[in-house]
Amino acid sequence: MVNTTYQKFVKRWEEVTDLPPQTVGPFTPFYKAIVRRIKVMPWPALVFCSLVVVIGLYLLIGSAITLVVSLLQKGF
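Its first residue numbered 43, the sequence shown is counted upward by one per residue in this note's numbering.
In structure tokens:
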């Protein structure tokens with residue numbers, strides 16, 4: 043009784059813990075390259091992304107970005 047219960051437990055444990063590698067279809071190599079860099083040193087990537095967002099917002103709405111930032115600061 044105990045041995046069969048233990049064998050069932052071990053079998054189920056192996057099913058649950060044996061996971062295949064995650065893939066994102068044809069973008070898997072790009073995903074792995076990006077994630078590898080972010081895991082090692084996330085700050086340069088975060089700074090770069092924030093600069094891109096800020097420049098994009100400035101190009102999109104111009105100098106009104108100061109009004110948006112002031113509005114957001116008052117909201118928090």
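The C-beta atom is built at its ideal place from N, Cα and C for all residues, glycine as well.
Values in this document were obtained by computation on a predicted structure and should not be read as measured data.
Rounded to whole angstroms, the separation of the alpha carbons of LYS53 and ILE80 is 36 Å. Judged by their CB atoms, ILE107 and LEU99 are nearer to each other than the 8 Å cut-off.
Sequence-distant Cβ neighbours of PRO63 in its own chain, meaning closer than 8 Å and more than five residues away, do not exist here.
When GLN115, VAL58 and ALA75 are compared, the shortest CA-CA separation from THR65 is found for ALA75.
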